[in-house]
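**Q**
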Amino acid sequence: MPETNTVTYLKDYTPPDYWVTHVDLTFDLRDGETFVSAKLQVKKNGSHDHPLVLDGEDLELLEVKLSGRAIPKRANLKEGYVVSQASLSLLPPDDTFTVDTLVKIYPEQNTALEGLYKSGGNWCTQCEAEGFRRITFFPDRSDNMATYTTKIIADQIAAPVLLSNGNLVDHGPMDDQRHYAVWK
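Mapping of the sequence shown onto the numbering used here: residues 4 to 187, in sequence order.
In structure tokens, the structure reads:
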């Protein structure tokens with residue numbers, strides 16, 4: 004079945020209920036699977052009691068923390084978080100808070116060419132227009148202009164160069180023939 008394209012019009016624009024101001028990402032690239040941990044610094048936009056809804060597609064959710072505290076998956080938001088095929092929803096405790104998630108993704112199986120995928124032996128990302136939701140849970144919309152710190156961990160032979168946007172602030176070897184690079 005062909006995918007249906009949806010059109011978004013400027014007249015229908017509404018600001019988000021929450022702004023993500025900063026994101027700390029860690030990619031642990033492995034053969035066959037990748038673990039992505041994300042720490043979102045979030046700020047409520049206005050006065051309301053709406054849940055935070057984060058977009059996500061083809062993500063295997065392993066862990067959720069809200070302001071450093073692990074929260075359980077439940078059938079309703081009052082008791083924990085709710086996850087569907089397209090989103091993660093939770094009730095924030097304060098006007099500013101953090102959301103930590105750990106997901107597992109499969110870049111070698113990603114044929115959508117959005118998010119993180121593997122092509123010609125290289126790990127690649129395509130996040131526009133809504134591809135970031137295939138990497139981690141996030142309010143995947145173009146008006147949320149967060150800053151990022153990205154750490155990439157991989158095998159030194161399989162991925163000799165670890166490249167991301169920004170400035171390289173740290174890099175080095177790790178155990179088991181792996182290495183890392185941090186970009187800000």
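For every residue, glycine included, the Cβ atom is placed at its ideal position computed from N, Cα and C. Predicted model, so just to flag it, every value in this text is computed and none were measured.
How long is the line joining the alpha carbons of glycine 175 and glutamate 131, rounded to whole angstroms?
**A** So the alpha carbons of these two residues sit roughly 30 Å apart.
**Q** Output the distance between the C-alpha atoms of tyrosine 109 and threonine 139, rounded to the nearest integer angstrom.
**A** Near 12 Å, if we compare the C-alpha coordinates of threonine 139 and tyrosine 109.
**Q** If you follow the beta strand (DSSP E) that threonine 17 is part of, which residue opens it and which one closes it?
**A** From DSSP, threonine 17 is part of no beta strand (DSSP E); its letter is neither H nor E.
**Q** Can you have a look at glutamine 180 and say buried or exposed, based on whether 16 or more other CB atoms are within 10 angstroms of its CB?
**A** That one is exposed.
**Q** Suppose you measure from the CA of leucine 93 to the CA of arginine 144; what does that come to, to the nearest Å?
**A** C-alpha separation (whole angstroms): 18 Å.
**Q** Run through DSSP, which three-state label would lysine 187 get?
**A** Coil, per DSSP.
**Q** How many whole angstroms separate the CB atoms of alanine 89 and glutamate 60, which I take to be in contact at a CB cut-off of 8 Å?
**A** So it is a contact: roughly 6 Å between Cβ atoms.
**Q** Please name the residue or residues paired with aspartate 31 in a DSSP beta bridge.
**A** Beta-bridge pairing links aspartate 31 to Phe38, Ile156.
**Q** Cα separation between tyrosine 16 and aspartate 173?
**A** For tyrosine 16 and aspartate 173, the distance between alpha carbons rounds to 39 Å.
**Q** To the nearest angstrom, how far is the alpha carbon of glutamine 159 from that of tyrosine 12?
**A** C-alpha separation (whole angstroms): 46 Å.
**Q** Have a look at Lys14, Lys46, Val10 and flag the residue whose alpha-carbon is nearest the alpha-carbon of aspartate 98.
**A** Aspartate 98 has its Cα closest to that of Lys46, out of Lys14, Lys46, Val10.
**Q** Does DSSP put phenylalanine 135 in a helix, in a strand, or in coil?
**A** The answer is helix: DSSP assigns phenylalanine 135 an H, G or I state.
**Q** When you measure from the CB of leucine 28 to every non-hydrogen atom of the ligand GDP, does any distance come out below 8 Å?
**A** The model depicted lacks the ligand GDP and carries no ligand whatsoever.
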